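For what it's worth, numbering that gives the first Met the number 0 labels the leading residue of the sequence shown as 0, then goes sequentially. Glycine included, C-beta positions come from ideal geometry on N, C-alpha and C. In this text the structure is predicted, and so the values were computed from the model without any measurement.
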Amino acid sequence: MPPGKPMVAWYAPEVLAKTGLKSVLSGTIGRQADRRLLDAVARPQPLAFDYSVEGDGGAREELWLDYVSDLGDGWDSTYAVASAVMAPTLDVRDATGKVHSTRGGDVLVFGGDEVYPTASVEEYQARTVVPYAAALNHRRHRPHLFAVPGNHDWYDGLVSFTRLFCQGRRTEGWRTKQQRSYFALKLPHGWWLLGTDMQLESDLDASQVEFFQKVAGRMGREDRVILCNAEPAWIKQQVKPRAGRGFLDHNIDFLEQKVLGKRVSVFLAGDLHHYRRHENEEGRQKIVAGGGGAFLHPTHLPRVDTRPDGFVLKECYPPQRTSRRLTWRNLLFTGLNPAFAAFMGCVYTLLGWGVAANLNEGAVAAPSFREVLNAALQSTGSLVLAAGILLGTLVFADDRRGRRFRQVSGALHGAAHLLLALLLTWGVSVIAAPLATDPQWSPWRDFLSGLLLFGGGALVGPLVVGVYLLLSLNVFSCHPNEAFSSLSIPDWKNFLRLHFDANGRLTVYPVGLRRVPRRWRPGRSAEEPAWVPDPEDRRATPPALIEPPIVIGRSKALPLTSDIGQFAPASLPRDEHPPPGPV
């Protein structure tokens, strides 16, 4: 069996508690002590890593670069993407049947959220490092890796991220060069790639803005920029505007509009775990490619087909109709999230067990619903727990449609749980009432009541959550993250392969994996990775293009220069070919 982990069970109580605690702590500490400010002083870094020249100082004519974001989740999805990225060559077919030959990237960029659910050395090793090392398996040279931190990387204050990606470490899958959590790459023919660190506040610190101002000062007038942010601000600011983000108060806006301007030809981001591309009349691209391994996000929300500045939706993956259909899987919430089902069974048992026991004590007839309601209202423990459930559903509710909608939807969600718990308690009391007068079964009455309450709660409690999420997303366009994290869908993965050719053109190949393999066997030769798909898993699909390649040309070629005083040479390890062997 492969040495990997399953998809993160986001609704497992221990995962919810751990992730929530990490989020609160990292947000609180991050506001008081921003690690980026310390690294700007303690970690000197070249203004740019220069990939525009070869090791002998001559101009580099072409370069292949891979972009992968939102990885480090389940083995099947993360390794499927990794094995495609790390292959020496990859032939991908488009919708017309035409085959495009591509080459494994000399440079690999992780675009954010390199591990789930929270950052730690152990999770990085198991969910990210091991899959990429096994996928490479000495088939070609190790790429140079640059990583953009996402919010999940910040959950331990960026400690593990810095240790893995910012200390020049080499693994069996890559070699790192960056010293800070943000960086600049000088690419062939006047192209640049900038990776930012948005921390948890979706903002850039002053030292980082100053760094990119210096980088922009070294760019030629005709140079073009690929800007990599951990989040797609062009989508998130429309869906949920941030209070106080007025006139260029957002440093990312300042960087885009005042520092880089229209030099930015391509915006790349992850965070949303799907593929979505917007384009304007000038041919500038805004691409979300967060399909590196994490659970799938819906594409039928948010509704951002057109923006005021003219960016229009060109493609999304999976299609919106498919995304809407997948949401119906929430009706299977109980079976998809067994740990959460057990938790809800315990909650329903605590709500009704004492009430049922009091009603059946000395009962000679089955209680009416009114009697059950009165008994529940007289139970202090049940009232306190009911108040906790209402508070929890109000906190859980989505506020993207306003505070009033959040209050109403949260209250209705909580009321549905309480009503079903009351009905379940009534039904259990009716079943257990005859046992109260039977000496043989009387000692087992309370045990049977608790067992029935637990089983019933484990079935109907998660179903209520599933129906709530289904209606929230497909009817009211709310809870996109919660409605799909519950499904843990490993399929519909994607990554971007970028080719800078000898003519100065950039070609973007959006590679998708419709269904990742679920079964693997060990590789049997040096040309294969450590694990390959089992031929008997016939439902798995090979990598293919999501849409035809996106070609972005240049108005004219520019002379290539390299200021060694400002840029660090970045010779690619063309001569690094380790002997074949297992990882």
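Going straight from the alpha carbon of A501 to that of E61, what length do you get? 5 Å
L372 - containing alpha helix (DSSP H), residue span: Segment 368 to 376, the alpha helix (DSSP H) holding L372.
With a 10 Å radius around its C-beta and 16 neighbouring C-beta atoms as the bar for buried, classify T88 as buried or exposed. exposed
Measure the beta-carbon distance from A183 to L46 and round it to whole angstroms, keeping in mind my assumption that it falls under 8 Å. 7 Å
Where W279 falls, given that 16 or more other Cβ within 10 Å makes a residue buried: Checking the sequence, you will find Asn at residue 279 rather than Trp. Exposed.
Label D533 either buried or exposed according to how many other C-beta atoms from any shown protein chain fall within 10 Å of its C-beta, with 16 as the threshold for buried. exposed
Note down, in chain order, each residue of its chain lying with its Cβ closer than 7 Å to the Cβ of L421, except the 5 sequence neighbours on either side. V371, L372, A375
Grab me the residues of P558's own chain with a C-beta within less than 8 Å of its C-beta, minus the 5 sequence neighbours each way, in chain order. Low per-residue confidence applies at P558: pLDDT is 37, beneath 50, and the placement is therefore not dependable, though the value from the model is reported in the following sentence. Around P558: no qualifying Cβ.
Select from G289, W173, L325, M343 the residue whose C-alpha is nearest the C-alpha of H140. W173
Using the Cα positions of I388 and D155, report the straight-line distance between them to the nearest angstrom. 30 Å
Could you please give me the residues that DSSP links to Q177 through a beta bridge? Looking at the DSSP assignment, Q177 forms no beta bridge with any residue, so it has no partner.
Identify every run of the beta strand (DSSP E) within the stretch 145 to 211, keeping only runs that are complete inside it and at least 3 residues long; order them along the chain. 182 to 185, 190 to 194
What's the C-alpha gap between G409 and S476? 15 Å
Using the Cα positions of I545 and G334, report the straight-line distance between them to the nearest angstrom. 31 Å
P461: which of P1, W443, A11, A569 sits nearest, CA to CA? Selected option, being the one with the closest Cα: A11.
Short of 8 Å in beta carbon distance, which residues of its chain neighbour A58, apart from the five on each side in sequence? Order them along the chain. S51, V52, P187, L559
Go to Y66, then tell me how far its beta strand (DSSP E) extends in each direction, as first and last residue. That run of the beta strand (DSSP E) goes 62 to 67.
Of the residues D252, L450, A215, A539, which one's Cα is nearest the Cα of N228? D252
Alpha carbon to alpha carbon, what distance is there between Q212 and R223? 15 Å
Rounded to a whole number of angstroms, what is the C-alpha to C-alpha distance between F483 and F294? 7 Å
Check R141 in the structure and name its three-state DSSP category. coil
State the CB to CB distance for the pair A81 and P116, rounded to an integer number of angstroms; the pair is presumed to be in contact (CB under 8 Å). No, A81 and P116 are not in contact; Cβ-Cβ is about 19 Å, not under 8 Å.
Opposite F48 in the DSSP bridges: which residues? L184, A567
With respect to the beta strand (DSSP E) encompassing E314, which residues constitute its N-terminal and C-terminal limits? 311 to 316
Coarse secondary structure for N480, derived from DSSP in three states: Per DSSP, reduced to three states, the secondary structure at N480 is helical.
If we count the other Cβ atoms within 10 Å of its Cβ and call it buried at 16 or more, is V383 buried or exposed? Around the beta carbon of V383, fewer than 16 other beta carbons sit within 10 angstroms, so the residue counts as exposed.
Whole-angstrom Cβ separation of S381 and G353, contact assumed at under 8 Å? 7 Å
Identify the continuous beta strand (DSSP E) that holds P509 and give its terminal residues. 505 to 512
How about the stretch 163 to 173 and the stretch 282 to 293: do they share at least three Cβ pairs that are nearer than 8 Å? no
Measure the Cβ-Cβ separation of I430 and R328 and say whether it is below 9 Å. With contacts defined as CB atoms closer than 9 Å, I430 and R328 fail to qualify as a contacting pair.
Exposed unless 16 or more other CB atoms sit within 10 angstroms - verdict on E13: exposed
Sequence-distant residues of its chain with Cβ nearer than 8 Å to Q284 (five each side left out): S264, V265, F266, R276, H277, E278, V507, I549, I551
So which of H151, A365, H273, R403 has the shortest CA-CA distance to D112? H151
Quick check on DSSP: helix, strand or coil for I488? coil
Keeping to the same chain, check which residues put their C-beta closer than 6 Å to that of H296; ignore five residues upstream and five downstream. These residues qualify, in order along the chain: L271, H272, H273, F483.
Limits of the unbroken beta strand (DSSP E) element including S100: 98 to 102
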